[in-house]
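For reference, the structure is listed below as structure tokens.
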Amino acid sequence: MRKILLSGREIEYELEYKNVKNINLRVRAGGVIHVSANKRVDPEYVDRLFKIREAEIMKLLERFESHEAEKVPVKVEDGSVVYLLGKPLTVKLEKAASNMVTIDGDDLIVYSAGSSVSAIINAWYDHQCKRVLPAYGHLMYERFKNYVSHEPDYSFKKMKSRWGSCNPRKYRMSINRELIKYDERLIEFVFCHEYSHFIHQDHSPSFYNFMTGIMPDHRKRKEELKAAAKIISQM
Numbered sequence: 292m293r294k295i296l297l298s299g300r301e302i303e304y305e306l307e308y309k310n311v312k313n314i315n316l317r318v319r320a321g322g323v324i325h326v327s328a329n330k331r332v333d334p335e336y337v338d339r340l341f342k343i344r345e346a347e348i349m350k351l352l353e354r355f356e357s358h359e360a361e362k363v364p365v366k367v368e369d370g371s372v373v374y375l376l377g378k379p380l381t382v383k384l385e386k387a388a389s390n391m392v393t394i395d396g397d398d399l400i401v402y403s404a405g406s407s408v409s410a411i412i413n414a415w416y417d418h419q420c421k422r423v424l425p426a427y428g429h430l431m432y433e434r435f436k437n438y439v440s441h442e443p444d445y446s447f448k449k450m451k452s453r454w455g456s457c458n459p460r461k462y463r464m465s466i467n468r469e470l471i472k473y474d475e476r477l478i479e480f481v482f483c484h485e486y487s488h489f490i491h492q493d494h495s496p497s498f499y500n501f502m503t504g505i506m507p508d509h510r511k512r513k514e515e516l517k518a519a520a521k522i523i524s525q526m
């Protein structure tokens, strides 16, 4: 596997030498980029090609990850447990004239007029993302404002294989919508990680040392996020 930095993200790809005329690139299952090339092609030339086609490759990866995330089948029914900011909520279904979601203590009351319960909750999660997550981004910006020129534009969407990404050149940051389900400590960790890429666009020791200066316990939070992800299922 080779590694290359594109749009502030460390990308791994497989390089296979075959009897082909052209350099072929495709995304395989799991989001792995596979490149086939003639054995006369230097690996460094392939790296340069990635840089030349950077925008195209990043769009290809984003489309793949969005498609894979949408393929995850989840059935939500009465008594199912969902999460909001790390808190488990038990789904209670109610028939109603219109769709609506409310929180009552430890219960998530889903009023349905016949629509898919999963669709109703997904729409509710989308609303919560837009309402809640930008505030965490802004709070992290306050800790980084001496290192960055301005606050980036945020977007929130489903991602299958990562929690966030950023484009330092365009000052854009994408955050996995699933984070709305996790504790605020873990949301802060992801924002801190992505903001740190505006200063260090790799995962070098300098990157982690810088991140330690901003968030001394970031390694602990990373492990907490991994542990939580085993419990909180994506929907």
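Residue numbering for the sequence shown follows the working numbering, beginning at 292 and increasing consecutively.
Ideal Cβ positions, reconstructed from N, Cα and C, are used throughout, including at glycine.
In this text, all values refer to a predicted model and were calculated from it rather than measured experimentally.
Can you list, in chain order, the residues of its chain with a C-beta nearer than 8 Å to that of residue i? Leave out the 5 residues immediately preceding and following it.
i, result
"L516", "W454, Y473, L477, F480, V481"
"L424", "Y445, F447, I466, L470, I471, I478"
"L380", "V372, V373, Y374, I394, D397, D398, L399"
In chain order, what residues of the same chain lie with their CB nearer than 7 Å to the CB of residue i, ignoring the 5 residues before and after it?
i, result
"L340", "I314"
"I523", "Y374, K472, Y473"
Please report how far the alpha carbon of residue i lies from the alpha carbon of residue j, in whole angstroms.
i, j, result
"A328", "E353", "24 Å"
"D417", "F435", "27 Å"
"K294", "I412", "38 Å"
"M431", "A414", "26 Å"
"M502", "K342", "26 Å"
"S456", "L297", "11 Å"
"N437", "H491", "15 Å"
"E475", "K511", "14 Å"
"E385", "V401", "6 Å"
"K513", "D333", "36 Å"
"S246", "V392", "Not covered by the structure: residue 246. The range shown for the chain is 292 to 526."
"M526", "K312", "The predicted position of M526 is uncertain, since its pLDDT is 49 and thus under 50; a value taken from the coordinates is nonetheless stated next. Approximately 43 Å between the Cα atoms of the pair."
What residue range does the alpha helix (DSSP H) around residue i cover?
i, result
"Y374", "Where Y374 is concerned, there is no enclosing alpha helix (DSSP H), although the beta strand (DSSP E) it sits in stretches over 372-375."
"V337", "334-343"
"S487", "475-487"
Quickly, what does DSSP pair residue i with across the bridge? List them, please.
i, result
"S327", "E307, N315"
"S298", "In the DSSP output, where bridge partners are listed per residue, S298 has none listed."
"V392", "V401"
Given a cut-off of 8 Å on the beta-carbon distance, is the pair residue i and residue j in contact?
i, j, result
"Y304", "K330", "no"
"V323", "L316", "no"
"A410", "A388", "no"
"C483", "M506", "yes"
Got a sec? Which residues, its chain only, sit under 6 Å from residue i by beta carbon, not counting five neighbours each side?
i, result
"F489", "V439, P459"
"P443", "Y462, R463, M464"
"E345", "L297"
Would you mind reading off the limits of the beta strand (DSSP E) that contains residue i?
i, result
"I523", "Neither: I523 is in no beta strand (DSSP E) and is coded neither H nor E."
"K386", "378-386"
Compute the minimum distance between the beta carbon of residue i and the heavy atoms of the ligand MN, and state whether it is under 7 Å.
i, result
"R476", "The model depicted lacks the ligand MN and carries no ligand whatsoever."
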